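J.: Note that the sequence shown ends on residue 571 in my numbering; no numbers are left out. Built from N, CA and C at the ideal position, the CB exists for glycine as well. The structure presented is a predicted model; accordingly, all values stated were derived computationally and were not measured. This is the structure, below, for whatever I ask next.
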Amino acid sequence: MSRSSKLSKSVNQSIHLFDEKSSIISLPKIKVIPLPEPIGHHEPFLDGIIRKMSGVSNLEDFDSILRMKMLQKRKQNRFWRFLKLIIEITIISTIVLLTLYSYLFFDPMFNNAIESELNFDQNSRMAIMLQNPSLPYTIKYYLFGLKNAHDFLRGQRPVLVEYGPFVYRVNTKRTINKWKSQTVEFTEQAFFHFDPDHSLPLETELTVLNYPLLTALYMVKSMMKENSILGFLSPVVQNVVANVIRSSGEKIIVQRKALDLLDGHRVKFLKNVQRILKPLKALGITFNSELENMDLEHYSYGFGPQNSGQKSELYEHFRHTKSGHLFDGIYKVAGKRKLKDFRPPCNEMNGSSGLYFGMHLTAPEISFFNHNVCRKIRLIKNHTHYHQSLIKVVRYSVDIQLFNSTNKLNRCYCLQSKLSKCQGWIDTSPCLGQLKVGSSFPHFYNSLRRQETVKGLQPDYSKHIGYLDVEPNIGMPINGRIAIQFNMHVSSIPIIGLKSIRSTMLPMFWAEQSNTIQTPMIYWLMIISICFDYGKHFILFIGTFITLIWFYRFFKHL
Numbered sequence: 014m015s016r017s018s019k020l021s022k023s024v025n026q027s028i029h030l031f032d033e034k035s036s037i038i039s040l041p042k043i044k045v046i047p048l049p050e051p052i053g054h055h056e057p058f059l060d061g062i063i064r065k066m067s068g069v070s071n072l073e074d075f076d077s078i079l080r081m082k083m084l085q086k087r088k089q090n091r092f093w094r095f096l097k098l099i100i101e102i103t104i105i106s107t108i109v110l111l112t113l114y115s116y117l118f119f120d121p122m123f124n125n126a127i128e129s130e131l132n133f134d135q136n137s138r139m140a141i142m143l144q145n146p147s148l149p150y151t152i153k154y155y156l157f158g159l160k161n162a163h164d165f166l167r168g169q170r171p172v173l174v175e176y177g178p179f180v181y182r183v184n185t186k187r188t189i190n191k192w193k194s195q196t197v198e199f200t201e202q203a204f205f206h207f208d209p210d211h212s213l214p215l216e217t218e219l220t221v222l223n224y225p226l227l228t229a230l231y232m233v234k235s236m237m238k239e240n241s242i243l244g245f246l247s248p249v250v251q252n253v254v255a256n257v258i259r260s261s262g263e264k265i266i267v268q269r270k271a272l273d274l275l276d277g278h279r280v281k282f283l284k285n286v287q288r289i290l291k292p293l294k295a296l297g298i299t300f301n302s303e304l305e306n307m308d309l310e311h312y313s314y315g316f317g318p319q320n321s322g323q324k325s326e327l328y329e330h331f332r333h334t335k336s337g338h339l340f341d342g343i344y345k346v347a348g349k350r351k352l353k354d355f356r357p358p359c360n361e362m363n364g365s366s367g368l369y370f371g372m373h374l375t376a377p378e379i380s381f382f383n384h385n386v387c388r389k390i391r392l393i394k395n396h397t398h399y400h401q402s403l404i405k406v407v408r409y410s411v412d413i414q415l416f417n418s419t420n421k422l423n424r425c426y427c428l429q430s431k432l433s434k435c436q437g438w439i440d441t442s443p444c445l446g447q448l449k450v451g452s453s454f455p456h457f458y459n460s461l462r463r464q465e466t467v468k469g470l471q472p473d474y475s476k477h478i479g480y481l482d483v484e485p486n487i488g489m490p491i492n493g494r495i496a497i498q499f500n501m502h503v504s505s506i507p508i509i510g511l512k513s514i515r516s517t518m519l520p521m522f523w524a525e526q527s528n529t530i531q532t533p534m535i536y537w538l539m540i541i542s543i544c545f546d547y548g549k550h551f552i553l554f555i556g557t558f559i560t561l562i563w564f565y566r567f568f569k570h571l
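Right, here's the structure in full:
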């Protein structure tokens with residue numbers, strides 16, 4: 014074998030060996046199989062399968078069926094789209110109509126719902142609430158002592174010293190006596206609880222006149238003027254009264270604790286008066302009904318808290334707001350509709366009791382009848398503000414002309430011979446058993462004539478003039494205070510030698526009654542107030558917002 018042939022053989026073997034090794038380490042080859050071309054329904058193979066599956070052997074019939082199904086499907090799609098369109102339009106229209114209806118009729122519907130709750134039906138919420146100890150309020154008493162008592166008896170002007178406050182928390186309860194078709198009869202009880210943390214001690218002593226003794230003497234003096242027999246027997250009566258006073262040990266000037274003046278104390282002199290009245294009645298001498306009905310032997314004299322838990326006179330109030338009457342408006346007090354002593358229209362006992370003044374209140378002034386003051390308390394619209402930053406209220410301030418006798422509205426309250434004698438006060442004896450007591454503003458505010466008759470007074474508008482904060486939509490006060498001073502009409506009493514004493518209105522005490530509605534009622538009132546002010550606007554906003562969302566969905570799918 015030649016050298017060239019050997020070399021050629023060796024090269025071929027190397028190439029063969031390299032191919033074998035390369036095939037071992039190389040990746041496997043991927044065989045690409047070309048996809049068949051799409052076969053239409055006209056291809057015999059697929060066409061036959063589809064026709065066999067559908068049970069149609071004719072190609073033209075199959076095409077027509079397929080077109081019909083596609084057309085039917087399009088119709089169904091159009092129907093559902095149309096139905097969806099109708100539903101969406103109906104929903105949008107319903108929302109719009111409900112929104113407009115609610116906006117237009119929200120106020121009257123909500124008004125009727127609230128008004129239906131303001132009544133005195135037997136099982137109503139208001140009746141149940143008022144028959145249980147509720148509506149707590151606070152009374153602050155400020156007592157006046159005499160700094161120059163003996164000089165006052167000798168004819169000098171009295172110098173007063175104020176002591177207070179003496180604070181009481183009070184709960185009230187109504188006891189229903191009789192339900193009538195338009196009215197309800199009830200008595201009221203007030204339960205007093207002394208608050209020592211915010212008060213001066215009840216052991217505080219002060220110098221005062223013997224008010225029970227003076228009251229009894231003035232009643233005797235008045236009866237002697239009115240009764241001809243007693244007038245004829247005047248010298249005898251004076252001697253008898255003087256002897257009774259000496260035997261009872263009573264004095265004109267006394268030292269009393271605040272506890273005795275507020276919670277009451279027994280009066281020895283009145284026990285002896287009870288014995289005097291019996292023989293006088295036997296002689297045919299008559300007395301006023303208040304004096305005859307008083308249990309003088311067990312009579313306790315005090316400025317208010319001594320009556321804690323005792324039932325009041327019989328009240329008769331209206332049950333509903335209709336025919337010109339307010340819910341809880343006064344109809345009768347102690348079976349009477351009018352006071353016989355005052356001239357019309359001041360003799361009428363009617364109007365609001367102070368609990369309710371009518372819904373949607375816009376009046377420039379309001380008033381309520383107070384039996385202790387024996388007149389209507391008139392309040393003038395002042396300003397609008399937010400109570401506790403929660404409820405919008407209208408403040409009505411007590412009219413500073415309330416005790417101005419020259420004011421036309423007050424002239425019929427004057428029981429004196431001249432209007433000037435009534436300046437700065439009103440005679441409350443017709444409502445207090447003919448006790449010679451008059452009411453006024455504390456410290457005789459707005460009455461220079463009365464302020465000049467005494468010393469030691471410091472009238473202050475912010476402290477002595479009251480107000481009510483009324484929620485105008487509901488017409489109920491939610492905060493306020495009313496301050497009234499009670500005075501004794503002091504004059505000479507020759508029976509016991511008091512000839513030099515000045516004739517004056519002597520302040521005994523003044524009291525401030527205040528009340529603020531507490532939680533959770535304050536939050537209910539806040540919700541009601543907001544609903545009245547913004548309810549229909551909120552409904553309009555929500556309805557518009559939902560409508561816009563549906564409009565967006567509607568146009569998005571068109």
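Look at the alpha carbon of F554 and the alpha carbon of I104, and state the distance between them as a whole number of angstroms.
T.: As a working note, residue 554 is residue 541 in the sequence shown. As a working note, residue 104 is residue 91 in the sequence shown. Spanning the two alpha carbons is a distance of roughly 17 angstroms.
J.: Taking the alpha-carbon of S261 as reference, which of N223, L275, Y426, P443 has the nearest alpha-carbon?
T.: Along the sequence shown, one-based indexing puts residue 261 at 248. Cα-wise, what sits closest to S261 is N223.
J.: DSSP state of Q202, grouped into three classes?
T.: Your numbering for residue 202 matches position 189 in the sequence shown. Looking at Q202 - three-state DSSP - the assignment turns out to be strand.
J.: Assess, as a yes-or-no matter, whether the stretch 202–215 is touched by the stretch 322–337 under the definition of 3 or more beta carbon pairs within less than 8 angstroms.
T.: Yes: the two stretches touch, three or more of their Cβ pairs being nearer than 8 angstroms.
J.: What is the DSSP secondary structure of P149, reduced to helix, strand or coil?
T.: As a working mapping, residue 149 is identified with position 136 in the sequence shown. Looking at P149 - three-state DSSP - the assignment turns out to be strand.
J.: Ignoring anything shorter than 4 residues or poking outside the stretch 149–200, list the alpha helix (DSSP H) runs there in chain order.
T.: Counting only runs of 4 or more, we get 162–166.
J.: For the structure I just gave you, are there three or more beta carbon pairs, one from the stretch 166–183 and one from the stretch 502–522, closer than 8 angstroms?
T.: Judged by Cβ distances under 8 angstroms, the stretch 166–183 makes contact with the stretch 502–522, as three or more pairs qualify.
J.: Report the rounded CA-to-CA distance for H456 versus A347, giving the unit in angstroms.
T.: For the purposes of this step, residue 456 is taken as residue 443 along the sequence shown, with counting starting at 1. For the purposes of this step, residue 347 is taken as residue 334 along the sequence shown, with counting starting at 1. Using only the alpha carbons, I get a separation of about 31 angstroms.
J.: P520 by DSSP, collapsed to three states: which one?
T.: Numbered from 1 along the sequence shown, position 507 holds the residue referred to as residue 520. P520: strand per DSSP, three-state reduction.
J.: Give the range of the alpha helix (DSSP H) segment to which S542 is assigned.
T.: Taking the sequence shown and counting its residues from 1, one reaches residue 542 at position 529. Unbroken alpha helix (DSSP H) run through S542: 534–569.
J.: Quick check on the burial criterion: 16 or more other C-beta atoms within 10 angstroms. Buried or exposed for L96?
T.: Counting from one through the sequence shown, the residue named residue 96 turns up at place 83. Counting Cβ neighbours within 10 Å, L96 comes out exposed, since fewer than 16 surround it.
J.: Express the C-alpha separation of H338 and T419 in angstroms, rounding to a whole number.
T.: The count along the sequence shown starts at 1 and reaches residue 419 at position 406. The count along the sequence shown starts at 1 and reaches residue 338 at position 325. Distance between the alpha carbons of T419 and H338 is about 30 angstroms.
J.: Mapping DSSP to helix, strand and coil, what is S453?
T.: If you number the sequence shown from 1, residue 453 lands on position 440. In the structure shown, S453 sits in a strand (DSSP, three-state: E or B).
J.: By DSSP, does L113 sit in helix, in strand, or in coil?
T.: The residue you call residue 113 lines up with position 100 of the sequence shown. Here L113 sits in helix by DSSP.
J.: Give the straight-line distance between the Cα atoms of A376 and F331, rounded to the nearest whole angstrom.
T.: Taking the first residue of the sequence shown as position 1, residue 376 is located at position 363. Taking the first residue of the sequence shown as position 1, residue 331 is located at position 318. Rounded to whole angstroms, A376 to F331 spans 21 angstroms at the Cα level.
J.: Suppose you measure from the CA of Y231 to the CA of I506; what does that come to, to the nearest Å?
T.: On the sequence shown, residue 231 is found 218 positions in, with the first residue counted as 1. On the sequence shown, residue 506 is found 493 positions in, with the first residue counted as 1. Taking the straight line joining both Cα atoms gives about 8 angstroms.
J.: Which residues does DSSP pair with H333 in a beta bridge?
T.: Locating residue 333 in the sequence shown gives position 320, counting from the first residue. According to DSSP, H333 bridges with nothing at all.
J.: Using a Cβ distance threshold of 8 angstroms, determine whether the stretch 462–479 contacts the stretch 432–451, with at least three qualifying pairs required.
T.: Short answer: they touch.
J.: If you draw a straight line from the alpha carbon of Y150 to that of F545, how long is it in whole angstroms?
T.: Within the sequence shown, the letter at position 137 stands for residue 150. Within the sequence shown, the letter at position 532 stands for residue 545. C-alpha separation (whole angstroms): 27 angstroms.
J.: Would G367 pass as a contact of F381 if the rule is Cβ separation under 8 angstroms?
T.: Locating residue 367 in the sequence shown gives position 354, where the first residue counts as 1. Locating residue 381 in the sequence shown gives position 368, where the first residue counts as 1. It is a contact, given that the beta carbons lie within the stated cut-off.
J.: Can the beta-carbon of V183 be found less than 8 angstroms from the beta-carbon of I152?
T.: The count along the sequence shown starts at 1 and reaches residue 183 at position 170. The count along the sequence shown starts at 1 and reaches residue 152 at position 139. Yes, they are a contact pair.
J.: Between Q429 and D208, what straight-line distance do the alpha-carbon atoms span, to the nearest angstrom?
T.: Locating residue 429 in the sequence shown gives position 416, counting from the first residue. Locating residue 208 in the sequence shown gives position 195, counting from the first residue. In a straight line, the C-alpha of Q429 is about 40 angstroms away from that of D208.
J.: Under 8 angstroms between the Cβ atoms of E361 and T196?
T.: Here residue 361 corresponds to residue number 348 of the sequence shown, with the count starting at 1. Here residue 196 corresponds to residue number 183 of the sequence shown, with the count starting at 1. Cβ atoms of E361 and T196: not closer than 8 angstroms.
J.: Assuming V406 and E525 form a contact by the criterion Cβ under 8 angstroms, report the distance between their Cβ atoms to the nearest whole angstrom.
T.: Here residue 406 refers to the residue found at position 393 of the sequence shown. Here residue 525 refers to the residue found at position 512 of the sequence shown. That belief does not hold up - the Cβ atoms of V406 and E525 are roughly 20 angstroms apart, past 8 angstroms.
J.: If you draw a straight line from the C-alpha of Y565 to the C-alpha of I541, how long is it?
T.: In the sequence shown, residue 565 corresponds to position 552, counting from 1. In the sequence shown, residue 541 corresponds to position 528, counting from 1. Roughly 34 angstroms separates the two Cα atoms.
J.: Any idea what DSSP makes of L461, helix, strand or coil?
T.: To locate residue 461, count along the sequence shown from 1; it is residue 448. Looking at L461 - three-state DSSP - the assignment turns out to be helix.
J.: In whole angstroms, give me the CA-to-CA distance for Q268 and E218.
T.: Translated into the one-based positions of the sequence shown, residue 268 becomes position 255. Translated into the one-based positions of the sequence shown, residue 218 becomes position 205. Whole-angstrom Cα-Cα distance: 7 angstroms.
J.: Should T228 go down as buried or exposed, given a rule of 16 or more other Cβ atoms within 10 Å for buried?
T.: The count along the sequence shown starts at 1 and reaches residue 228 at position 215. The residue in question, T228, is buried, as its Cβ has 16 or more Cβ neighbours within 10 Å.
J.: Taking one C-beta from the stretch 485–500 and one from the stretch 527–540 each time, how about it: are there three or more such pairs within less than 8 angstroms?
T.: With the cut-off at 8 angstroms, the stretch 485–500 and the stretch 527–540 touch.
J.: Looking only at its chain, what residues have a beta carbon closer than 8 angstroms to the beta carbon of W563, apart from the 5 residues adjacent to it on each side?
T.: On the sequence shown, position 550 is the one that residue 563 refers to. Cβ neighbours of W563 beyond the five flanking positions: E101, I104, I105, I108.
J.: Excluding sequence positions up to five away, which residues of its chain have a Cβ less than 6 angstroms from the Cβ of P472?
T.: Position 459 of the sequence shown, counted from the start, is the residue given in the question as residue 472. Closer than 6 angstroms at Cβ, skipping near neighbours: H456, Y458.
J.: Between the beta-carbon of G317 and the beta-carbon of L275, is there less than 8 angstroms?
T.: On the sequence shown, position 304 is the one that residue 317 refers to. On the sequence shown, position 262 is the one that residue 275 refers to. Yes, the pair counts as a contact, with Cβ atoms nearer than the cut-off.
J.: Roughly how many angstroms separate the alpha carbons of Y474 and H550, rounded to a whole number?
T.: For the purposes of this step, residue 474 is identified with residue 461 of the sequence shown, where counting begins at 1. For the purposes of this step, residue 550 is identified with residue 537 of the sequence shown, where counting begins at 1. Straight-line Cα distance between these residues: approximately 40 angstroms.
J.: Since G469 contacts V221 with CB under 8 angstroms, what's their CB separation in whole angstroms?
T.: Taking the first residue of the sequence shown as 1, we reach residue 469 at position 456. Taking the first residue of the sequence shown as 1, we reach residue 221 at position 208. At roughly 14 angstroms, the Cβ-Cβ gap does not stay under 8 angstroms, so G469 and V221 are not in contact.
J.: Tell me, please, which residues DSSP counts as bridged to R408.
T.: As a first step, residue 408 must be located in the sequence shown, where it is residue number 395. Per DSSP, H396, D482.
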